[in-house]
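Quick note: the sequence shown, position 244, residue 297 per my numbering, numbers continuous.
Have a look at the structure below, then the notes.
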Amino acid sequence: MLSETLTAETATSEADFSLSKTRIKDEDMPAFEDMEFEDLEQMHLDHPGANDEEYRTRRDYIASLGKKFRQTGVITDVEYTAEEQSVWQFVAAQLEEIQSRRASQFYLEAKKNLQISNERIPQLTEMNRRLGELSGFRLAPIEGLVETRGFLSWLSYRTMLCTQYIRHHSRPDYTPEPDIVHEAIGHIPMFTNTEFADFSQFIGHGARVASDRQIEELGRLYWFTVEFGLIEEKGELKAYGAGLLSSFGELEHAFSDRVERREFDLETVINHDFTYSDMQPVLYVVPSYKFLKDVTRKYIESFAG
Ligand SMILES: [Fe+2]
């Protein structure tokens, strides 16, 4: 079994996204053993695999590798079954077709750079090596959905917490919890881009200094941008949010008449209480990445002062 040690030696990139008060030195990097999370191993009652004993056992086994990582600092590769691989192959092929029409150019280039395959579930270790070459971002396995401050704070260490298990085969279009499809196809490609990696790190800094009210607002901003954002690109509407890009049902839905697409307004977004429902009824459109970066930077800088 392949394994890889995750070290804390990545230099932070300043770019135009520095916030001096929250700069992190490597020696200040917390140990992964110190991660504290709430309700990580609970599976939602509405999960399509909730009544499938075999699936639950398998999911919990793969989840336990996240816990093992925190004890050892070593990522264990998952030996995915043929059934798990076939879920991946089906979803990856469906997504590729829809993404070619609906995904932002920024994302499509990032995905190409990650060099994952539609034929095989990528391991966190191999994606870590690729990110190490390109942006210095890192992935750390985790057992399940993490509460907002915990998840976002780790971005400040250029680290994304990732699940490794895969959704239930009965609903390849949907998962109520993050899974390897959501992580590897939705989120991880974007981290190949140094600017996006810096942007994410900056959001992480914000999460570490935010008040309880601010972290709730920041969670909403993250939700309606990094998770479910739409963008205008060369006069066309495209998706850049990981939640959209990793669900072929939701990606089509986002462009349908059933969704209200609103112009992005910071005050509206940070006060918009969302639900983790199957499909989002309201989405927000940013005019450009520069706009998103500027708005986010100004907003987070207001936390410090
Ligand atoms: Fe996500």
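Cβ coordinates follow ideal geometry from the N, Cα and C atoms, glycine included.
Residue i beta carbon near ligand 1 (any heavy atom closer than 7 Å)
i, result
"G239", "yes"
"P231", "yes"
"G197", "no"
"H325", "no"
"E280", "yes"
"G257", "no"
"A295", "yes"
"H235", "yes"
Sequence-distant residues of the same chain with beta carbon closer than 8 Å to residue i, five excluded per side
i, result
"I174", "V131, Y133, E137, Q138, W141, I219, I233 and A237"
"M180", "L167, I169, L192, A237 and I241"
"M54", "Low local confidence applies: a pLDDT of 31 at M54 is under 50, so the model's placement there is unreliable, with the coordinate-based value given in what follows. For M54, where only same-chain residues beyond five positions count, the Cβ hits under 8 Å are T129, D130 and E132."
"F356", "G259, V262, A263, S264 and Q267"
"R315", "T321, V335, L336, Y337 and V338"
Where residue i falls: helix, strand or coil (DSSP)
i, result
"T75", "Confidence at T75 is low in this model, with a pLDDT of 46, below 50, so its placement is unreliable and no value can be given for it."
"T129", "strand"
"A263", "coil"
"P194", "strand"
"T349", "helix"
"R173", "coil"
"E200", "coil"
"N324", "coil"
"N134", "Note that residue 134 is Thr in the sequence shown here, rather than Asn. DSSP places T134 in coil when its eight states are reduced to three."
"D113", "helix"
"H29", "The structure shown does not extend to residue 29, since the chain spans only 54 to 358, so no value can be given for it."
"H355", "Checking the displayed sequence, the identity of residue 355 turns out to be Ser instead of His. Correct three-state label for S355: helix."
"T122", "Rather than Thr, the amino acid found at residue 122 in this sequence is Phe. In this structure, F122 counts as helix in the three-state DSSP scheme."
"Q168", "coil"
"N104", "coil"
"S206", "helix"
"S139", "helix"
"F44", "In the structure displayed, the chain extends from 54 to 358; residue 44 sits before or after that span and is not available."
"G189", "coil"
"M332", "coil"
"F281", "coil"
Residues near residue i in its chain [Cβ-Cβ closer than 7 Å; skip 5 each side]
i, result
"F204", "L214"
"P231", "L198 and T216"
"V279", "G294 and A295"
"A307", "L283, A292, L297 and L336"
"S206", "G257, A260 and R261"
"Q158", "E286"
"E270", "I323"
"D99", "P229"
"A146", "N171"
"E106", "none"
"E313", "P334 and V335"
Opposing strand residues paired with residue i [DSSP bridges]
i, result
"E286", "E289"
"A156", "A292"
"Y337", "R315"
Neighbourhood of residue i by C-beta distance below 6 Å, restricted to the same chain and skipping five residues each side
i, result
"V339", "I284, F317 and L345"
"W276", "F327"
"V348", "L319"
"A163", "P242, M243, T245 and N246"
"V144", "P225 and V234"
"T63", "Low local confidence applies: a pLDDT of 35 at T63 is under 50, so the model's placement there is unreliable, with the coordinate-based value given in what follows. These residues qualify, in order along the chain: G189 and R211."
"P101", "H221, S223 and R224"
is_contact[residue i, chain B] using C-beta, thresh 8 Å
i, result
"A145", "Any reference to chain B falls outside this structure, which holds one protein chain only."
Entirely enclosed alpha helix (DSSP H) segments - the segment 208–267, minimum 4 residues: 247–262
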